[in-house]
Amino acid sequence: NSVFFRAFRKGVAKSGADVLWLRSDKLAAHAAHRRLKIPMVYEAHLVGELWARDRNAGERKAARLHELERDLYAHTSAVCAITQGLLDEVRERFDYTGPADVIPSAVDTSLFKPVWNGGDGRTVAWVGTLQFWKGLDVLLRAIAMSAGLQLKIVGGGKPEDEQRLRDEIARLNISERVELTGRVSQQDISLHVKSCACAVHPLPPEHSISARFTSPLKIFEYMAIGLPIVAANVPSVQEVLHDADNARLFEPGSVEALSNALQEVSGNRELASKLSNKAVIDSRDYSYQRRAEKLVKLFQQVK
Numbered sequence: 012n013s014v015f016f017r018a019f020r021k022g023v024a025k026s027g028a029d030v031l032w033l034r035s036d037k038l039a040a041h042a043a044h045r046r047l048k049i050p051m052v053y054e055a056h057l058v059g060e061l062w063a064r065d066r067n068a069g070e071r072k073a074a075r076l077h078e079l080e081r082d083l084y085a086h087t088s089a090v091c092a093i094t095q096g097l098l099d100e101v102r103e104r105f106d107y108t109g110p111a112d113v114i115p116s117a118v119d120t121s122l123f124k125p126v127w128n129g130g131d132g133r134t135v136a137w138v139g140t141l142q143f144w145k146g147l148d149v150l151l152r153a154i155a156m157s158a159g160l161q162l163k164i165v166g167g168g169k170p171e172d173e174q175r176l177r178d179e180i181a182r183l184n185i186s187e188r189v190e191l192t193g194r195v196s197q198q199d200i201s202l203h204v205k206s207c208a209c210a211v212h213p214l215p216p217e218h219s220i221s222a223r224f225t226s227p228l229k230i231f232e233y234m235a236i237g238l239p240i241v242a243a244n245v246p247s248v249q250e251v252l253h254d255a256d257n258a259r260l261f262e263p264g265s266v267e268a269l270s271n272a273l274q275e276v277s278g279n280r281e282l283a284s285k286l287s288n289k290a291v292i293d294s295r296d297y298s299y300q301r302r303a304e305k306l307v308k309l310f311q312q313v314k
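According to our numbering, the sequence shown is numbered sequentially starting from 12.
Okay, structure coming up:
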């Protein structure tokens, strides 16, 4: 609102900052329109126009977001995108040709350490919020198909999302094999998953955010913990995980392929340990320290 934007402008003017780093599209568009005297670096996490369509928000809203982002990218000094797929889309859709870099999400390596203990051979961990684009529908059906496996869902969401999840669990008759912890603190995530056989990230291919734009914190946390990972083979995941190297990738959207991959990793200790060890090594490239170093290099291009 106008009160917030006025306070924002005053705060920026008083800050004496060399660079303004923003990730809110509305705030960045406001800053771009006001022509503030500080160079702005915009951190892109999605394309609003496509996200509106993913959510069935309507073409009018999608068109408004397109105009907002077009203005933003016309005036920003540089762009930080969390995936290469997102940066490619920004360059093509908005004709952006300025300074840019791909800087993925990161993991707090002081909090998430390699504590995986080899797993129990049967429990699959999923951590996150219960949003529609996370692929939980496919995961539940894969668990229903995998008689020897259990599922531990660590996290929560809106009441309607939780109810929809519980209804689907009941419909599939897998209530006795699915544990819902509800929301837990970030500090407690490792305790909840360190004894699981593997972790899963079943992103669906049909949404722009899941297929090309997301850089999931949970993937980097799984890696740092040392959890063997089973993940959908979508472009956003391919930028970090590689099949039979630091993860087991499956055909996105395929219940059968996911079931097979979960059973393979859960039941093969040698494979699970191999994936775990490589993931821990690779996670060091995704610390917040490394992310900060990349951001500073981008900031230095515009200050």
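Glycine included, each C-beta is placed from N, C-alpha and C at the ideal position.
Just to confirm my understanding: we take residue i, look at its own chain, exclude 5 residues before and 5 after, and list those with CB closer than 6 Å. What are they?
| i | result |
| --- | --- |
| L214 | G146, S221, A243 and V245 |
| L57 | I220 and F224 |
| V248 | A242 |
| R194 | G167 |
| F16 | H41 |
Looking at C-alpha atoms only, which residue of the options is the closest neighbour of residue i?
| i | options | result |
| --- | --- | --- |
| E173 | Q161, T192 and L160 | T192 |
| L160 | G130, G139 and P170 | G130 |
| F224 | L61, G166 and A272 | L61 |
| V211 | V313, V276 and P50 | V276 |
| V165 | S196, G22 and S186 | S196 |
| N128 | A283, K308 and Y297 | A283 |
| L273 | V149, E171, R34 and E100 | V149 |
| S116 | R177, A255 and V251 | V251 |
| D106 | V23, I114 and T87 | T87 |
| E232 | D254, A255, D256 and Q198 | Q198 |
| Y84 | G69, V101, E70 and R71 | V101 |
| R20 | R45, L33 and R34 | R45 |
| C209 | P170, H253, V307 and N279 | N279 |
| S294 | L162, G132, I154 and K229 | K229 |
| G132 | V126, V291, F143 and L162 | L162 |
If we call anything under 9 Å between Cβ atoms a contact, is residue i one with residue j?
| i | j | result |
| --- | --- | --- |
| A111 | L98 | yes |
| Y53 | D29 | no |
| V118 | C207 | no |
| V189 | I180 | yes |
| A258 | I240 | yes |
| S226 | I49 | no |
| M51 | L31 | yes |
| G139 | P216 | no |
| H253 | D65 | no |
| A268 | E262 | yes |
| V266 | A153 | yes |
| L11 | V204 | In the structure as shown, the chain starts at 12 and stops at 314, and residue 11 therefore has no counterpart that could be examined. |
| S287 | M156 | no |
| L47 | V14 | no |
| C91 | L260 | no |
With a threshold of 8 Å, establish whether the CB of residue i neighbours any heavy atom of the ligand FMN.
| i | result |
| --- | --- |
| Q249 | Among the components modelled here there is no ligand, and therefore nothing to report on the ligand FMN. |
Grab me the residues of residue i's own chain with a C-beta within less than 8 Å of its C-beta, minus the 5 sequence neighbours each way, in chain order.
| i | result |
| --- | --- |
| S186 | I180 |
| K124 | S201, A235 and I236 |
| L33 | A39, A42, M51, V52, Y53 and E54 |
| G69 | A63 |
Near residue i, which residues of its chain fall below 7 Å by C-beta distance, leaving aside the five closest residues on each side in sequence?
| i | result |
| --- | --- |
| L176 | L141 and L147 |
| S298 | A117, V118 and T120 |
| Q312 | A89 and P110 |
| R302 | I114 and A117 |
| K72 | A63 |
>> Quick check for students: name the residue ranges of the beta strand (DSSP E) that lie wholly in the region 103-176, counting only runs of 3 or more.
In response: 111-113, 134-138 and 161-165
> Does the count of Cβ pairs from the region 70-83 and the region 39-58 closer than 8 Å reach three?
Replying inline: yes
>> Restricting to runs no shorter than 3 residues, where is the beta strand (DSSP E) found entirely within the region 29-56?
In response: 31-33 and 51-55
>> Extract the residue ranges of the alpha helix (DSSP H) inside the region 249-276, only unbroken runs of 4 or more that lie entirely within it.
In response: none
> Which residue spans inside the region 188-248 form an unbroken beta strand (DSSP E) run of at least 3?
Replying inline: 189-193, 209-212 and 240-243
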